[in-house]
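Worksheet for the structure shown next.
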DNA sequence: AGCACGATTAACT
DNA sequence: GTTAATCGTGCTC
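In our numbering, the protein residues as written are 69 to 264.
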């Protein structure tokens with residue numbers, strides 16, 4: 069079952085933790101490719117200087133200001149796509165970055181999209197997830213709660229609180245403190261598919 | 001109109 | 001550990 073909009077309309081850090089253990093599903097030519105979310109990061113509002121919304125409302129960030137439950141997909145480093153899910157409420161720009169999933173369905177489909185890499189190297193990073201599931205600009209703004217969309221999230225495993233670890237977000241470069249060190253990255257303890 | 005840089009990855013040494 | 005790849009975005013001139 070597709071998770072409803074009410075699931076996404078919660079505080080971003082809470083959503084980032086709640087997404088762990090959920091199943092990210094992509095429908096490709098009628099076939100399912102899916103994985104359990106094992107690592108996420110929260111990006112929260114215009115005051116979070118690591119969040120793209122620090123620049124305010126622009127063409128790029130517009131999706132983050134829209135409804136919770138939409139996909140915010142952006143391009144970076146000249147070649148990579150990143151998938152986020154919009155959180156909170158309308159007109160408040162925040163989202164959760166999907167950093168890694170554990171492949172569980174359509175592994176061959178994902179390997180075909182990733183140059184036949186071994187399962188352990190298939191989706192253990194945010195750009196790898198997008199490449200494996202063929203997510204690019206065409207998925208930006210897609211509604212994950214709309215029954216017609218080919219991308220959505222389902223409830224799956226229950227992850228006990230004691231198995232959720234947190235730490236600083238990755239790749240923030242010259243982002244100033246305190247944002248650089250905020251422990252807004254979450255992952256499932258001991259899961260081998262968390263990014264390196 | 002031009003420019004510096006990025007929520008990364010893979011292939012190097 | 002280091003670095004090239006590669007281009008959209010937001011900021012400065």
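For every residue, glycine included, the Cβ atom is placed at its ideal position computed from N, Cα and C.
Range of the contiguous beta strand (DSSP E) that encloses residue i
i           : result
residue 162 : 162–173
residue 82  : It is not in any beta strand (DSSP E) - residue 82 instead sits in the alpha helix (DSSP H) that spans 80–86.
residue 142 : 139–144
residue 111 : 99–112
Status (buried if at least 16 other CB within 10 Å, exposed otherwise) for residue i
i           : result
residue 206 : exposed
residue 132 : buried
residue 103 : buried
residue 156 : buried
residue 171 : buried
residue 98  : exposed
Chain-order list of residues whose beta-carbon lies under 7 Å from that of residue i (same chain, five-residue window excluded)
i           : result
residue 175 : 187
residue 72  : 213
residue 199 : 181, 182
Neighbourhood of residue i by C-beta distance below 8 Å, restricted to the same chain and skipping five residues each side
i           : result
residue 108 : 84, 85, 87, 88, 164, 165, 166, 167, 253, 254, 255
residue 117 : 243, 244, 247
Separation of residue j from residue i, as counted between CA atoms
i           : j           : result
residue 122 : residue 178 : 34 Å
residue 144 : residue 96  : 24 Å
residue 235 : residue 219 : 28 Å
residue 239 : residue 249 : 11 Å
residue 93  : residue 241 : 31 Å
Heavy atom of the ligand GTP within 7 Å of residue i beta-carbon
i           : result
residue 103 : Absence of the ligand GTP from the depicted structure is noted, as is the absence of any ligand whatsoever, leaving it without description.
For residue j and residue i, believed in contact at Cβ under 8 Å, the rounded distance
i           : j           : result
residue 169 : residue 141 : Rounded, the Cβ-Cβ distance is 15 Å, inconsistent with contact.
residue 115 : residue 161 : Not a contact, Cβ separation roughly 10 Å.
residue 173 : residue 125 : No, residue 173 and residue 125 are not in contact; Cβ-Cβ is about 37 Å, not under 8 Å.
Other residues of its chain near residue i: CB distance less than 6 Å, five sequence neighbours each side excluded
i           : result
residue 217 : 210, 211
residue 185 : none
Residue interval of the alpha helix (DSSP H) (run including residue i)
i           : result
residue 254 : Per DSSP, residue 254 belongs to no alpha helix (DSSP H); it is in the beta strand (DSSP E), 253–256.
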